[in-house]
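Working notes, beginning with the structure itself.
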Amino acid sequence: MPVDELPVRHADAFADATRHPFLTAVRDGTIAPSAFHTWLVQDARFVADLLRFQARLLARAPRAAQEVLARGALALVQELDWFEERAAARGLDLSAPALPATTAYANLLERLDGADVPAALTALWTIERTYLDAWSAALPGAPAYREFVEHWTAPGFGGYVAGLAAAADAVGGGDERVFLEVVAAEIAFWDMAVATR
Ligand code: HMH
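First residue of the sequence shown? That's 2 in this note's numbering, and the numbers climb one at a time after it.
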């Protein structure tokens, strides 16, 4: 099925990943600073893990998917610089150890390295589509967090997500099990941040 049908078909799970209390608290400015800091440090690790997954997927993707994957990989490299700047501005140590949800998500990505290309593209699209919808729920965002909300709600990011959908659909993606595994990992990631006090 087209990947865009997956969030419709699994609306409850998708809502848990994209309408999480973390995001409403970022919108309202009521997020505990420690929870936000945990998210920031752990997400920088996740992006490094995602870059590894995406580079490997690029290496085995069909010609038609190469450009969107290569552009996305470059965006992740630049995002790692951006995370370093944001962390330094807040005095955060990005070398802090991975928490269990981050490690579990990294393990899922490693398992997906071994999945076929349609499944891996479906996973990558799900990863990015959940972030697009999640941060859209936090719009406009409290001033202290607005730059993060803007980062994942910018028009260019929406265009990237649409490009990934086209790439996944072109190879017959739309695996529901993969979608639900990624959505569960996203929920666990927000839960991890909120659990930090
Ligand atoms: C947990 N999911 C998580 N972090 C991200 N940065 C993205 C998705 C989007 O790249």
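Ideal Cβ placement from N, Cα and C applies to all residues, glycine included.
Check: For Arg-91, count the other beta carbons within 10 Å of its own beta carbon; 16 or more makes it buried, fewer makes it exposed. Which is it?; Outcome: exposed
Check: What is the rounded straight-line gap between the Cα of Thr-65 and the Cα of Leu-109?; Outcome: Residue identity differs from the one stated: residue 65 is Ala in this sequence, not Thr. Approximately 25 angstroms between the Cα atoms of the pair.
Check: Hey, could you find the ends of the alpha helix (DSSP H) Leu-93 is sitting in?; Outcome: Counting along the chain, Leu-93 falls outside any alpha helix (DSSP H), and DSSP gives it neither H nor E.
Check: Taking 6 angstroms as the limit between beta carbons, can you name the residues of its chain near Leu-113, skipping five residues before and five after?; Outcome: Ala-121 and Ala-124
Check: Suppose the cutoff is 7 angstroms on Cβ atoms and the five residues either side in sequence are ignored; what does the same chain contact list for Glu-182 look like?; Outcome: Leu-109
Check: Excluding five sequence neighbours on each side, which residues of the same chain lie with their C-beta closer than 8 angstroms to the C-beta of Pro-141?; Outcome: Arg-28, Arg-147 and Val-150
Check: For Asp-114, verify whether its CB is less than 6 angstroms away from any heavy atom of the ligand HMH.; Outcome: no
Check: When burial is assigned at 16 or more other CB atoms within 10 Å of the CB, is Gln-43 buried or exposed?; Outcome: buried
Check: Could you tell me if Gln-55 is buried or exposed, where buried requires 16 or more neighbouring beta carbons within 10 angstroms of its beta carbon?; Outcome: buried
Check: According to DSSP, is Leu-140 part of a helix, a strand, or is it coil?; Outcome: coil
Check: Within 10 angstroms of its Cβ, does Val-9 collect 16 or more other Cβ (buried), or is it exposed?; Outcome: exposed
Check: Taking the Cβ atom as the reference point for each residue, do Leu-77 and Val-118 lie within a distance shorter than 7 angstroms?; Outcome: no
Check: Does the separation of the CB atoms of Tyr-106 and Ala-186 fall below 7 angstroms?; Outcome: yes
Check: In angstroms with no decimal places, state the Cα-to-Cα distance between Leu-41 and Ala-167.; Outcome: 30 angstroms
Check: Mind checking whether the beta-carbon of Val-69 lies closer than 6 angstroms to any heavy atom of the ligand HMH?; Outcome: no
Check: Quick one: is Gly-73 buried, meaning 16 or more other Cβ sit within 10 Å of its Cβ, or exposed?; Outcome: buried
Check: Tell me whether Arg-20 sits in a helix, a strand or coil according to DSSP, three-state version.; Outcome: coil
Check: With distance defined between alpha-carbon atoms, name the residue in Phe-180, Ser-137 and Asp-176 nearest to His-21.; Outcome: Ser-137
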